[in-house]
Amino acid sequence: MKICIVGGGVFGLSTALSLQRRGHSVTVFDRLPVPAEDAASTDISKVIRPDYASQRLYQRLALASIKAFKSQWNPDAERRLGRALYVETGCLFATRASEMNAFERESIETLALDGVRVEKVPRERVAQLMGNAFANEFPYGYFNASAGFAYSGLTIEYMALLAQEADVKFVCGGNAGTFAAFVYSPSNGKTVVGIKTMDGAVHHADRVIVAAGSWTPSLVPQLRGLCEPSAQPVIHFKLPDKLKNSYAPHKFPVWFADVSETGFYGFPVSELTGELKIANHGPGFKSSFHLDTSPASRVSQPAKSVVTPTAIPKPAVDMYRKFLARAFPETNQLDITRTRLCWYCESWDGNFFIDAVPGMSNCFVATGGSGHGFKFAPVLGDVIADIVEGKPSEFRELFQWREKPVGCEDELDAIRKGKAGTAAPVYLEQVEMCGETDLVARESSRL
Numbered sequence: 001m002k003i004c005i006v007g008g009g010v011f012g013l014s015t016a017l018s019l020q021r022r023g024h025s026v027t028v029f030d031r032l033p034v035p036a037e038d039a040a041s042t043d044i045s046k047v048i049r050p051d052y053a054s055q056r057l058y059q060r061l062a063l064a065s066i067k068a069f070k071s072q073w074n075p076d077a078e079r080r081l082g083r084a085l086y087v088e089t090g091c092l093f094a095t096r097a098s099e100m101n102a103f104e105r106e107s108i109e110t111l112a113l114d115g116v117r118v119e120k121v122p123r124e125r126v127a128q129l130m131g132n133a134f135a136n137e138f139p140y141g142y143f144n145a146s147a148g149f150a151y152s153g154l155t156i157e158y159m160a161l162l163a164q165e166a167d168v169k170f171v172c173g174g175n176a177g178t179f180a181a182f183v184y185s186p187s188n189g190k191t192v193v194g195i196k197t198m199d200g201a202v203h204h205a206d207r208v209i210v211a212a213g214s215w216t217p218s219l220v221p222q223l224r225g226l227c228e229p230s231a232q233p234v235i236h237f238k239l240p241d242k243l244k245n246s247y248a249p250h251k252f253p254v255w256f257a258d259v260s261e262t263g264f265y266g267f268p269v270s271e272l273t274g275e276l277k278i279a280n281h282g283p284g285f286k287s288s289f290h291l292d293t294s295p296a297s298r299v300s301q302p303a304k305s306v307v308t309p310t311a312i313p314k315p316a317v318d319m320y321r322k323f324l325a326r327a328f329p330e331t332n333q334l335d336i337t338r339t340r341l342c343w344y345c346e347s348w349d350g351n352f353f354i355d356a357v358p359g360m361s362n363c364f365v366a367t368g369g370s371g372h373g374f375k376f377a378p379v380l381g382d383v384i385a386d387i388v389e390g391k392p393s394e395f396r397e398l399f400q401w402r403e404k405p406v407g408c409e410d411e412l413d414a415i416r417k418g419k420a421g422t423a424a425p426v427y428l429e430q431v432e433m434c435g436e437t438d439l440v441a442r443e444s445s446r447l
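According to UniProt numbering, the residues represented by the sequence shown are 1 to 447, in order.
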């Protein structure tokens, strides 16, 4: 089949690679060069974890992905790029209470079903891994050695390289790569036969797959109310030399700080950029931009700046500073050197949407990553390809198109079932964005 994929992030590239390897002719369209600067997958790092509470299908898929990272992608990337993509630092799921929250308890039980043993940690072990200040705040939890992080931007570059070598075609950047409209059969207004791009070109296809991340609901209106964009604020620090070793990947793990309640998590210092990244996996911020403009204009400009030093709301900076003052006082004494809004495509129940679009023959969506899709990069494409090809799939029911029950509250993904996922949404247009002075540490607390 001839297949057009709209979107060159982790969903789009993984799908393109799998379908091309199965003998199809695939073209990827994106309004920006891959990796696109405002794609959620374009980042310095993403967590790779199999911990999914009681959701064993996700757990098994994550374990398969980790295996593929370690046995296939890492050796190949080291040869091609000079660096492994996945770094197995282990992951600490720390909690305030000794009994832990439902997410941590269920994860321990479900991981054991697939032979993954974790280490329940006392305060002394937390302090050894994270330092005394963090251990004072979050003295309990467990450590999973079979987890870590991936250099996500580098992984996207690697996936694009594999796709190009497999003869996937790319039309990226400018009007030529920007989706404008679906093209329908003249004899049947519900049968999609391709797409039209902003330069006026028509690209015929047997199947169209929209994998445009947070933009997908604006391109496929049937998704409105089922998936919507949300912006998660991220901060970065440049560490002074005297702190770099303390946060190095060989001794400092990926961490979650009572995540279902606080949303906070973070990484070791990046050996690519020298940055320490700290993030929050919470309800995020909404923006009316995605819904208030036409599809063409929505995808021809970024919703809000995602890479400038003033990209996140001022209340988010205050939120981070309060957390850091308690958990990482030495980093709180540093200037924030870079910020970013990571745009999720949130599904109403936290599960992906990978299915045919109702009322549109030959058109599929692969979206709803909800902030936890990247970890499946090596294996997600085959899941999507099976569904597009109509093959049996154990994931079909989980990822099928599903309507939101009337009166149902958004559930988000398993890791946000607590307080972190229940806050009322706030629109970016209603808050003050931070200025450069907001990123500067107070003089009295500088290192």
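C-beta atoms are modelled at their ideal positions from N, C-alpha and C, and glycine is treated no differently. Here the structure is a predicted model, which means the values were calculated and not measured.
Keeping to the same chain, check which residues put their C-beta closer than 8 angstroms to that of residue i; ignore five residues upstream and five downstream.
| i | result |
| --- | --- |
| Met159 | Val10, Leu13, Ser14, Leu17, Ala377 |
| Ala176 | Thr197, Met198, Asp199, Ala201 |
| His204 | Lys2, Val183, Val193, Gly194 |
| Gly390 | none |
| Ala424 | Pro283 |
| Gly369 | Val10, Phe11, Ala40, Gly213, Tyr344, Cys345, Phe352 |
| Tyr247 | Leu239, Pro268, Val269, Leu276 |
| Leu111 | Pro50, Asp51, Gln59, Arg117, Val118, Asn144 |
| Ile387 | Ile354, Asp355, Phe364, Ser393, Phe395, Arg396, Phe399 |
If we ignore side chains and look at the alpha-carbon of each, how far apart do residue i and residue j end up?
| i | j | result |
| --- | --- | --- |
| Gly7 | Asn245 | 38 angstroms |
| Gln55 | Asn351 | 11 angstroms |
| Val193 | Ile156 | 28 angstroms |
| Ala53 | Ala181 | 40 angstroms |
| Gly141 | Phe252 | 16 angstroms |
| Asp382 | Leu439 | 42 angstroms |
| Leu272 | Ala133 | 27 angstroms |
| Pro268 | Lys190 | 49 angstroms |
| Val26 | Val168 | 5 angstroms |
| Thr95 | Ile354 | 33 angstroms |
| Cys172 | Phe29 | 5 angstroms |
| Ser71 | Ser187 | 49 angstroms |
| Asp114 | Gly148 | 18 angstroms |
| Cys434 | Asp43 | 20 angstroms |
| His250 | Leu85 | 15 angstroms |
| Arg83 | Asn74 | 8 angstroms |
| Tyr320 | Gly266 | 12 angstroms |
| Arg326 | Arg79 | 42 angstroms |
| Ser288 | Ser230 | 10 angstroms |
| Pro405 | Gly359 | 20 angstroms |
| Ile336 | Ala311 | 12 angstroms |
Assuming residue i contacts residue j (C-beta within less than 8 angstroms), just tell me the rounded distance between them.
| i | j | result |
| --- | --- | --- |
| Cys342 | Ala36 | The Cβ separation is near 13 angstroms, so there is no contact. |
| Lys286 | Tyr427 | 5 angstroms |
| Lys46 | Ser185 | Incorrect: roughly 39 angstroms between the Cβ atoms, too far for contact. |
| Trp255 | Leu92 | 5 angstroms |
| Pro50 | Val116 | 6 angstroms |
| Ala211 | Ile48 | 20 angstroms between Cβ atoms; not a contact. |
| Gly371 | Gln232 | 7 angstroms |
| Thr178 | Arg402 | Actually they do not touch by this definition, with Cβ atoms about 30 angstroms apart. |
Considering only DSSP beta bridges, list what residue i is partnered with.
| i | result |
| --- | --- |
| Glu228 | Glu346 |
| Gly23 | BP columns for Gly23 are empty, so no partner. |
| His203 | Ile195 |
| Lys169 | Thr27 |
| Tyr265 | Phe256, Ala279 |
| Tyr158 | Tyr158 is not bridged to any residue. |
| Thr367 | Phe353 |
| Phe134 | In the DSSP output, where bridge partners are listed per residue, Phe134 has none listed. |
| Phe103 | Note: Phe103 sits in no beta bridge, so no partner. |
| Ala150 | Lys46, Tyr86 |
| Lys286 | Tyr427 |
Near residue i, what residues of its chain come up, given a Cβ to Cβ distance below 7 angstroms and the 5 sequence neighbours on each side ignored?
| i | result |
| --- | --- |
| Val234 | Lys277, Ala279, Thr339, Arg340, Cys342 |
| Pro139 | Arg123, Val126 |
| Val357 | Val220, Gln222, Cys363, Phe364, Val365 |
| Val379 | Leu61, Ala64, Ser65, Ala68 |
| Val307 | Here Val307 scores only 48 on pLDDT, less than 50, and its place in the model should not be relied on; the value that follows carries that caveat. Contacts found: Glu37, Arg340. |
| Leu81 | Leu154, Tyr158 |
| Pro329 | Ala133 |
| Asp77 | Before going further, note that residue 77 is Ala rather than Asp in the sequence given. Closer than 7 angstroms at the Cβ level, and outside the excluded window around Ala77, lie Arg83, Ala84, Leu85, Tyr158. |
| Thr216 | Val210, Leu223, Cys227, Cys345, Val365, Thr367 |
Identify, in the order they occur along the chain, each residue of the same chain with its Cβ nearer than 6 angstroms to the Cβ of residue i, setting aside the five sequence neighbours on each side.
| i | result |
| --- | --- |
| Leu162 | Leu17 |
| Thr331 | Phe237, Leu324 |
| Val34 | Gly8, Ala160, Cys172 |
| Pro392 | none |
Any beta carbon from chain C within less than 8 angstroms of residue i's own beta carbon?
| i | result |
| --- | --- |
| Pro313 | The question asks about chain C, but that chain is absent: this structure has only one protein chain. |
Would the region 365–383 and the region 214–228 be scored as touching if the rule is three or more Cβ pairs under 8 angstroms?
yes
Within the chosen definition, does the region 389–399 reach the region 257–264 through at least 3 CB pairs nearer than 8 angstroms?
no
Hey, is the region 163–175 in contact with the region 55–65, meaning 3+ C-beta pairs nearer than 8 angstroms?
no
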